[in-house]
Amino acid sequence: MALAFRGVIRNVARRLQVRNYADAPKGDEMALTFAAGNKVFYDKQVVKQIDVPSFSGAFGILPKHVPTLAVLRPGVVTILENDGKQNKIFVSSGTITVNDDSSVQVLAEEAHPLESIDRSAAQEALSKAQSEFNSASNEKAKAEAAIALEVAEEIVKAASA
Amino acid sequence: MLGRFGPGVGTQVVAVVYHQPNRNMATLKAISIRLKSVKNIQKITQSMKMVSAAKYTRAERDLKAARPYGEGAVQFYERAEVTPPEDDPKQLFVAMTSDRGLCGAVHTGVSKVIRNRLSEPGAENIKVICVGDKSRGILQRLYGKHIISVANEIGRLPPTFLDASQLATAILTSGYEFGSGKIIYNKFKSVVSYAQSDLPLYTKKSIESASKLTAYDSLDSDVLQSYTEFSLASLLFYALKEGACSEQSSRMTAMDNASKNAGEMIDKLTLTFNRTRQAVITRELIEIISGAAALD
C-alpha cells in the first residue's frame, strides 16, 4: 500500500516537473509578447526587462513581477533583450498584462521603432493637433483632439530625445 | 421519346418537322449567344480569382501579424480564469462576416452557428450584432428582432484597427447590457480549410468577479474599464483579420471551381455548336441536291 502510494507521489512529481518544462519560461524568465495593430515585435520571446509608460505612471517589469494590468499611455517602451541590446519602440495606446506565469503581453494600437520616426513630420503633426485642439467646437471633438495632441507631444519628445 | 410515336401526337410531330429549319437556325444562334455568355462568365470568375489571390496573400501576411495579438488578448482571460456570470443570462453574439458574397460557405457557416443557438430555448436573452451585410441577410428574416445593429462596408478593404475600435464603440454604446458574449468568426487554417470558432466577450463585471483576479496587483476601476474596452477592440480586430483571410481564401477556391465548371461548359457547348453547324450545312446541301434532282 505504502509502496503504491509512493509510486503515485513520484508520478505526480514527475508530471509537475514535465509541466514546468512545457510551460516554457521556467523560474526567472519572462516571455514577452509585444504586438501592435500594424506589426508584431516580440512573440513569446524571453527578455530581461521592459519599461512601459502607463496611466498610473511608468514602471519597469522584471521577471517575477507581481501580476498586474495597466493601460499604456503614449510614450516609449524600452525593452532590454537577453543579449543586452536595448530596443525602443514608440506606442500610441494599448494595454499591458503581466500574468502569474511571468508572461507579459504588451498590446498596442500602433507601435513603431524609435529610429523610424521622422522628427520634422512629428513636429508637423504636433502643430496640426494643436490647431485642431484650439478649433474643436464640441466636447467630443475636444477630447479627441486632446488625445491627438498628447500623442503628438510624446512623439516629438521621443523623436528629439 | 417513345411518346412521340404514340397515337394522337402525329400532328405535333408534323409541326416539329415543319419548324425544324427555323428552329435549327435559331439554336445555332442561341448556342453561340450562350457560349459567349459562358465565356464572359469564365473571364469574370478568372479575374475574380486573380484578385482574391492577391488579396489573400496580403490577408495572410496581415493575419500572421495579428495572431500573437489576438492570442495575447485572450491570454489574460485564460490566466485569470474569467468566467461568464451565471446570474446574468443576457448574451451578445457578434457575427463576423462581410458585405461580399461569392466566397463559398464562409458567411453561411457563421450565420448557421448563431441560427442554431437562436433556435434553442433561452434565445430570448440573446442579441446579435451583424458585422457585414451577409449575416444580416441570412438572419434577418427569421431572427430579425434579435439583431441590434449591423455594420457594413466590411470586406472591400482589409480591416484596420480603426474599424475594430469603431465596432467596439458601437457595441459599448448600443445600450444593451450583456452579461457575456461571443464573437463568431471563421478561423483560418489553410487555403482550403477554415472552421467556425468563437472568442469570448467579457464585461468589466465578470472580470471583477473572476476567481484569480486577486492575484493581480494595483487594479482600479478605471484601469479595468479601459482594459476591457481595449481588449474588446483587440479581439474584434483579430476576428476581423481571421475572417478576412478565410473569406479571401475561400473566394479564391470558389472562383477557381467556377472557372473550371465554366470551362467544362464551354467545351460541351462548343461541341454542340460545331455539331449543329455541321448539321445545318448538311441539310442545306441535301436541300440543294434534292432540289436539283427534282428538276431533272
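Those protein sequence lines, which keep their order, are chains B and D. So in our numbering, the last spot in the first sequence is 161, and the numbers never skip. So in our numbering, the last spot in the second sequence is 1296, and the numbers never skip. Here a beta-carbon is modelled for each residue, glycine too, at the ideal position from N, C-alpha and C. Predicted model only: the values in this text are computed from it and were never measured.
Rounded distance between the beta-carbons of residue j and residue i, thought under 8 Å
i, j, result
"residue 1248 of chain D", "residue 1069 of chain D", "Residue 1248 of chain D to residue 1069 of chain D, Cβ: 19 Å. No contact."
"residue 1238 of chain D", "residue 1073 of chain D", "7 Å"
"residue 1221 of chain D", "residue 1154 of chain D", "In fact, because the Cβ distance is near 33 Å, the residues do not count as touching under 8 Å."
"residue 158 of chain B", "residue 114 of chain B", "6 Å"
"residue 152 of chain B", "residue 125 of chain B", "5 Å"
"residue 1204 of chain D", "residue 1224 of chain D", "5 Å"
"residue 1216 of chain D", "residue 1080 of chain D", "7 Å"
"residue 1158 of chain D", "residue 1059 of chain D", "6 Å"
"residue 143 of chain B", "residue 129 of chain B", "The Cβ separation is near 13 Å, so there is no contact."
"residue 119 of chain B", "residue 93 of chain B", "Contact flag wrong, Cβ pair sits at about 21 Å."
"residue 69 of chain B", "residue 1219 of chain D", "6 Å"
Contacts around residue i, its chain only, beta-carbon distance under 6 Å, and the 5 residues preceding and following it disregarded
i, result
"residue 1120 of chain D", "none"
"residue 75 of chain B", "53 and 154"
"residue 78 of chain B", "51 and 88"
"residue 1106 of chain D", "1186, 1246, 1247 and 1250"
"residue 1006 of chain D", "At residue 1006 of chain D the pLDDT is 44, less than 50, meaning the model places this residue with poor confidence and gives no usable figure here."
"residue 1294 of chain D", "none"
"residue 1085 of chain D", "1179 and 1206"
Cβ pair residue i, residue j closer than 7 Å
i, j, result
"residue 1245 of chain D", "residue 1188 of chain D", "yes"
"residue 98 of chain B", "residue 106 of chain B", "no"
"residue 1164 of chain D", "residue 1236 of chain D", "yes"
"residue 1230 of chain D", "residue 95 of chain B", "yes"
"residue 40 of chain B", "residue 1065 of chain D", "yes"
"residue 1088 of chain D", "residue 1241 of chain D", "no"
"residue 109 of chain B", "residue 1161 of chain D", "yes"
"residue 1101 of chain D", "residue 1196 of chain D", "no"
"residue 1035 of chain D", "residue 1269 of chain D", "yes"
"residue 1138 of chain D", "residue 1111 of chain D", "yes"
"residue 1042 of chain D", "residue 1259 of chain D", "yes"
"residue 1114 of chain D", "residue 1273 of chain D", "no"
"residue 71 of chain B", "residue 55 of chain B", "yes"
"residue 1172 of chain D", "residue 1183 of chain D", "no"
"residue 1276 of chain D", "residue 1028 of chain D", "yes"
Own chain, CB closer than 7 Å to residue i, minus 5 neighbours either side, in chain order
i, result
"residue 1012 of chain D", "Confidence at residue 1012 of chain D is low in this model, with a pLDDT of 45, below 50, so the placement of that residue should be treated as unreliable; the coordinate-derived value is given next. Result list for residue 1012 of chain D: empty, nothing under 7 Å."
"residue 23 of chain B", "Residue confidence is low: residue 23 of chain B scores 47 on pLDDT, short of 50, so the model does not pin down where it sits. No coordinate-derived value is stated."
"residue 1290 of chain D", "none"
"residue 21 of chain B", "Note on residue 21 of chain B: pLDDT 44, under 50, position unreliable in the model; the coordinate value appears next. Correct list: empty, nothing qualifies."
"residue 62 of chain B", "49"
"residue 1256 of chain D", "1049"
"residue 17 of chain B", "Residue confidence for residue 17 of chain B is low, a pLDDT of 49 falling below 50, so the modelled location carries little weight and cannot support an answer."
"residue 1082 of chain D", "1202, 1206, 1207 and 1210"
"residue 43 of chain B", "33"
"residue 64 of chain B", "28 and 102"
"residue 1116 of chain D", "none"
"residue 1134 of chain D", "1097, 1098, 1099, 1101 and 1107"
"residue 1039 of chain D", "1266"
Beta-carbon neighbours of residue i, restricted to chain D and to distances below 8 Å
i, result
"residue 39 of chain B", "1065"
"residue 118 of chain B", "Simply none; closest approach about 21 Å."
8 Å Cβ shell around residue i - same chain, five flanking residues per side excluded
i, result
"residue 1191 of chain D", "1056, 1249, 1252 and 1253"
"residue 1125 of chain D", "1089, 1090 and 1091"
"residue 1021 of chain D", "A caution first: residue 1021 of chain D carries a pLDDT of 49, below 50, which makes its placement in the model too unreliable to give a value."
"residue 123 of chain B", "156"
"residue 1147 of chain D", "1127, 1128, 1129, 1130, 1136, 1139 and 1140"
"residue 37 of chain B", "108, 109 and 110"
Contacts that residue i makes with chain B (C-beta to C-beta distance below 7 Å)
i, result
"residue 1131 of chain D", "Near residue 1131 of chain D there are no residues of chain B at all, since even the closest Cβ is about 17 Å away, more than 7 Å."
"residue 1215 of chain D", "67 and 100"
"residue 1072 of chain D", "33, 35, 105 and 107"
"residue 1227 of chain D", "69, 71 and 95"
"residue 1312 of chain D", "Look at the range of chain D in this structure, 1001 to 1296, and you will see that residue 1312 of chain D is not part of it."
Under 8 Å by beta carbon: chain B residues contacting residue i
i, result
"residue 1188 of chain D", "By Cβ distance, chain B contributes nothing, its closest Cβ being about 16 Å from residue 1188 of chain D, past 8 Å."
"residue 1069 of chain D", "35, 36, 37, 40 and 107"
"residue 1223 of chain D", "55, 56, 69, 70 and 71"
"residue 1231 of chain D", "95 and 107"
"residue 1273 of chain D", "None at all; the shortest Cβ gap to chain B is about 54 Å."
Interface residues of chain D facing residue i [CB-CB closer than 9 Å]
i, result
"residue 83 of chain B", "The premise fails here: residue 83 of chain B is roughly 21 Å from chain D at the closest Cβ pair, so nothing lies under 9 Å."
Contact list for residue i against chain B, beta-carbon separation under 9 Å
i, result
"residue 1075 of chain D", "33, 97, 99, 103 and 105"
"residue 1079 of chain D", "67, 97, 99, 100, 101 and 103"
"residue 1180 of chain D", "By Cβ distance, chain B contributes nothing, its closest Cβ being about 19 Å from residue 1180 of chain D, past 9 Å."
Closer than 7 Å at the beta carbon, the chain D residues around residue i
i, result
"residue 51 of chain B", "Result: empty, since nearest Cβ-Cβ is about 17 Å, beyond 7 Å."
"residue 43 of chain B", "1068"
Pairs of beta-carbons, one from the segment 129-140 of chain B and one from the segment 1252-1272 of chain D, closer than 8 Å: are there three or more?
no
Can we say the segment 1149-1166 of chain D touches the segment 1117-1136 of chain D, given the rule of at least three CB pairs closer than 8 Å?
yes
Give a yes or no on contact between the segment 1048-1062 of chain D and the segment 1132-1143 of chain D, applying the rule of three or more CB pairs nearer than 8 Å.
no
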